[in-house]
Amino acid sequence: MDVKYINPFIMATQSVFKTMLAIDVNLNKPVLKTERKTTGDVTGIMGLVGDRKGTITISFSEKGAMFVYQTLIGDECSSVTPDVVDAIGELTNIISGQARKEFEKAGINLKASIPMVVVGQAVVMNFVTTIPIMQLPFDFELKNGDKEVMFLDFSFE
Amino acid sequence: MKVLVVDDFATMRKIIKNVLKQINIENVLEAENGKHALTVLKNDTVDLIISDWIMPEMTGIEFLKACKADETIKKIPFIMVTAEAQKDNIMEAIKSGVDNYIVKPFTPDKLREAIDKAKAKVGK
Numbered sequence: 317m318d319v320k321y322i323n324p325f326i327m328a329t330q331s332v333f334k335t336m337l338a339i340d341v342n343l344n345k346p347v348l349k350t351e352r353k354t355t356g357d358v359t360g361i362m363g364l365v366g367d368r369k370g371t372i373t374i375s376f377s378e379k380g381a382m383f384v385y386q387t388l389i390g391d392e393c394s395s396v397t398p399d400v401v402d403a404i405g406e407l408t409n410i411i412s413g414q415a416r417k418e419f420e421k422a423g424i425n426l427k428a429s430i431p432m433v434v435v436g437q438a439v440v441m442n443f444v445t446t447i448p449i450m451q452l453p454f455d456f457e458l459k460n461g462d463k464e465v466m467f468l469d470f471s472f473e
Numbered sequence: 024m025k026v027l028v029v030d031d032f033a034t035m036r037k038i039i040k041n042v043l044k045q046i047n048i049e050n051v052l053e054a055e056n057g058k059h060a061l062t063v064l065k066n067d068t069v070d071l072i073i074s075d076w077i078m079p080e081m082t083g084i085e086f087l088k089a090c091k092a093d094e095t096i097k098k099i100p101f102i103m104v105t106a107e108a109q110k111d112n113i114m115e116a117i118k119s120g121v122d123n124y125i126v127k128p129f130t131p132d133k134l135r136e137a138i139d140k141a142k143a144k145v146g147k
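Residue numbers (the numbering used here), protein chains in the order written: chain G, 317 to 473; chain H, 24 to 147.
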């Protein structure tokens with residue numbers, strides 16, 4: 317996978333977490349996924365078309381998704397409610413928008429679809445492409461010191 | 024300060040409200056599109072409008088044009104929020120009289136700065 321496809325997602329994720337959530341995320345070792353399935357419990361999905369075509373997904377554990385909701389909205393929650401699902405959709409939209417801005421700087425113009433969110437583990441995904449899926453695992457710290465991981469998967473061709 | 028937040032996505036309205044709260048602005052009205060916002064403005068007075076770009080029924084740019092064409096509300100500072108930092112969109116908003124714009128994602132400080140600049144532009 318060309319590094320020019322990876323960097324926009326790294327920069328976008330780090331920037332969005334820092335600005336919207338005031339959280340630093342650390343990128344762990346990227347992996348190539350063999351299975352076309354979601355990784356976490358709550359997954360935002362965004363299709364991208366234009367100079368390239370592909371899909372990105374942003375996946376959290378239930379605990380991670382609830383933490384994102386609480387930090388973004390400022391409300392408490394004790395389960396994955398429709399509001400939590402919407403918040404993950406919006407975060408997916410914002411990260412995608414920021415990544416597209418980075419792609420634009422590299423001369424690649426992309427348009428996004430409306431974000432969708434699926435709840436459940438190992439949901440089979442069609443990433444539109446035939447090439448492997450790159451997974452970028454980002455870890456971040458919750459207020460109680462626990463570590464959570466957000467998985468950003470994408471495939472572009 | 025009373026702010027009208029216009030966005031078709033309830034979660035985004037909540038996010039903006041949460042950011043506003045962090046800069047001590049808690050008096051917030053909400054509308055889910057430009058058409059709804061114009062109705063709100065007929066019945067209430069606000070000091071600032073923060074509007075999304077892409078919305079059903081009446082888009083942000085249509086809402087902006089309607090506001091700037093109305094003598095009774097044209098002086099309310101208008102900030103456009105967009106996730107797509109595309110120059111064409113921004114240029115269209117500037118030509119239509121937007122007082123400032125802000126690109127998602129943004130920090131409370133960035134929003135504060137955008138509000139101050141928008142207020143200064145309309146002389147408030």
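Beta carbons: idealized from backbone N, C-alpha and C, even for Gly.
This structure is a prediction, so every number in the text was calculated from the model and none was measured.
For residue i, does the count of other Cβ atoms within 10 angstroms reach 16, so buried, or fall short, so exposed?
{"i": "Ile-404 of chain G", "result": "buried"}
{"i": "Met-336 of chain G", "result": "buried"}
{"i": "Glu-49 of chain H", "result": "exposed"}
{"i": "Gly-370 of chain G", "result": "buried"}
{"i": "Asp-402 of chain G", "result": "buried"}
{"i": "Val-440 of chain G", "result": "exposed"}
{"i": "Lys-40 of chain H", "result": "buried"}
{"i": "Pro-398 of chain G", "result": "exposed"}
{"i": "Gly-413 of chain G", "result": "buried"}
{"i": "Ala-143 of chain H", "result": "exposed"}
{"i": "Ser-394 of chain G", "result": "exposed"}
{"i": "Asn-123 of chain H", "result": "buried"}
{"i": "Lys-417 of chain G", "result": "buried"}
{"i": "Pro-100 of chain H", "result": "buried"}
{"i": "Thr-446 of chain G", "result": "exposed"}
{"i": "Pro-324 of chain G", "result": "buried"}
{"i": "Asp-30 of chain H", "result": "buried"}
{"i": "Thr-329 of chain G", "result": "buried"}
{"i": "Met-35 of chain H", "result": "buried"}
{"i": "Ala-141 of chain H", "result": "buried"}
Under 7 Å Cβ to Cβ from residue i, same chain only, skipping five residues before and after it: list those, please.
{"i": "Asn-112 of chain H", "result": "Trp-76, Thr-105"}
{"i": "Asp-67 of chain H", "result": "Leu-52"}
{"i": "Met-81 of chain H", "result": "Asn-56, Gly-57, Lys-58"}
{"i": "Asp-132 of chain H", "result": "none"}
{"i": "Asp-367 of chain G", "result": "Ile-424, Asn-425, Leu-426"}
{"i": "Ala-116 of chain H", "result": "Ile-84, Leu-87, Met-103, Tyr-124"}
{"i": "Leu-343 of chain G", "result": "Ile-326, Leu-452, Phe-454"}
{"i": "Lys-334 of chain G", "result": "Asp-340"}
Using a Cβ-Cβ cutoff of less than 6 Å, which residues in the same chain neighbour residue i once the five nearest sequence positions on both sides are dropped?
{"i": "Thr-359 of chain G", "result": "Thr-373, Ser-375, Val-434"}
{"i": "Glu-422 of chain G", "result": "According to the sequence displayed, residue 422 of chain G carries Ala and not Glu. The answer, listed in chain order, is Lys-320."}
{"i": "Gly-363 of chain G", "result": "Thr-371, Ser-429"}
Give the C-beta separation of residue i and residue j to the nearest angstrom, bearing in mind that I take them to be a contact with Cβ-Cβ under 8 Å.
{"i": "Lys-127 of chain H", "j": "Ile-430 of chain G", "result": "Rounded, the Cβ-Cβ distance is 15 Å, inconsistent with contact."}
{"i": "Ile-96 of chain H", "j": "Cys-90 of chain H", "result": "5 Å"}
{"i": "Met-382 of chain G", "j": "Val-365 of chain G", "result": "The pair is not a contact, with the Cβ atoms about 32 Å apart (cut-off 8 Å)."}
{"i": "Ile-38 of chain H", "j": "Glu-406 of chain G", "result": "7 Å"}
{"i": "Val-26 of chain H", "j": "Ile-73 of chain H", "result": "6 Å"}
{"i": "Asp-340 of chain G", "j": "Gln-437 of chain G", "result": "Asp-340 of chain G to Gln-437 of chain G, Cβ: 27 Å. No contact."}
So residue i is in the beta strand (DSSP E); what residue range does that whole segment cover?
{"i": "Lys-25 of chain H", "result": "25-29"}
{"i": "Lys-463 of chain G", "result": "463-472"}
{"i": "Gly-370 of chain G", "result": "370-376"}
Return the first residue and the last residue of the alpha helix (DSSP H) that residue i is part of.
{"i": "Thr-34 of chain H", "result": "33-45"}
{"i": "Glu-85 of chain H", "result": "83-91"}
{"i": "Asn-66 of chain H", "result": "57-66"}
{"i": "Met-450 of chain G", "result": "It is not in any alpha helix (DSSP H) - Met-450 of chain G instead sits in the beta strand (DSSP E) that spans 449-457."}
{"i": "Glu-53 of chain H", "result": "Element bounds for Glu-53 of chain H: not the alpha helix (DSSP H) but the beta strand (DSSP E), 50-54."}
{"i": "Val-433 of chain G", "result": "Premise fails: Val-433 of chain G lies in the beta strand (DSSP E), 432-435, not in any alpha helix (DSSP H)."}
{"i": "Val-319 of chain G", "result": "319-336"}
{"i": "Gly-413 of chain G", "result": "398-421"}
{"i": "Lys-133 of chain H", "result": "131-144"}
On the DSSP bridge list, what partners appear for residue i?
{"i": "Lys-427 of chain G", "result": "G:Val-365"}
{"i": "Tyr-124 of chain H", "result": "H:Met-103"}
{"i": "Lys-353 of chain G", "result": "G:Val-440"}
{"i": "Ser-74 of chain H", "result": "H:Val-29, H:Met-103"}
{"i": "Val-347 of chain G", "result": "G:Gln-451"}
{"i": "Val-341 of chain G", "result": "DSSP, once it has assigned bridges, lists no residue as partnering Val-341 of chain G."}
{"i": "Gly-360 of chain G", "result": "G:Ile-374, G:Val-433"}
In chain order, what residues of the same chain lie with their CB nearer than 8 Å to the CB of residue i, ignoring the 5 residues before and after it?
{"i": "Gln-451 of chain G", "result": "Pro-346, Val-347, Leu-348, Lys-349, Thr-355, Phe-467, Leu-468, Asp-469"}
{"i": "Ile-322 of chain G", "result": "Pro-346, Met-450, Leu-452"}
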